[in-house]
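Novice:
In my numbering, the protein residues as written are 36 to 126.
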């Protein structure tokens, strides 16, 4: 699954989640969040945690206009690595 295919899948899910939320049904969002986080953590066990230095370089590159997927790839990281790092930093 490449980044472009993932973006299409993600867009479809975001539309489903938004539709449910507009209907005042947040159960789908809650279920999605739990499943998404669990899967990221499961996959993340296979990879070392990104360093603060890597994330600083990614953040600077994005602020300078580099596409997030490109900035992450330069560091050998994936979007899932970024999300896992952000969650851990917020704990």
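Every residue, glycine too, gets a C-beta built ideally from N, C-alpha and C.
Computed from a predicted model, the values in this text were never measured in an experiment.
Compare the beta carbon distance of residue 50 and residue 63 with 8 Å and say whether it is the shorter of the two.
Specialist: The count along the chain shown starts at 1 and reaches residue 50 at position 15. The count along the chain shown starts at 1 and reaches residue 63 at position 28. No, Cβ-Cβ distance for residue 50 and residue 63 is not below 8 Å.
Novice: Anyone know if the C-beta pair for residue 89 and residue 110 falls short of 8 Å?
Specialist: The residue labelled residue 89 in the question sits at position 54 within the chain shown. The residue labelled residue 110 in the question sits at position 75 within the chain shown. A contact, by the Cβ cut-off of 8 Å.
Novice: Here's the rule: buried if 16 or more other CB atoms are within 10 angstroms of the residue's CB, otherwise exposed. What is residue 48?
Specialist: As a working mapping, residue 48 is identified with position 13 in the chain shown. Exposed, by the Cβ-count rule.
Novice: Here's a check: name, in chain order, each residue in its chain whose Cβ is nearer than 8 Å to the Cβ of residue 103, leaving out the five neighbours to either side.
Specialist: By 1-based counting over the chain shown, the position of residue 103 is 68. Contacts found: 93, 97, 114 and 117.
Novice: Counting along the chain, where does the alpha helix (DSSP H) carrying residue 52 start and finish?
Specialist: Translated into positions along the chain shown, residue 52 becomes position 17. Where residue 52 is concerned, the enclosing alpha helix (DSSP H) stretches over 38-57.
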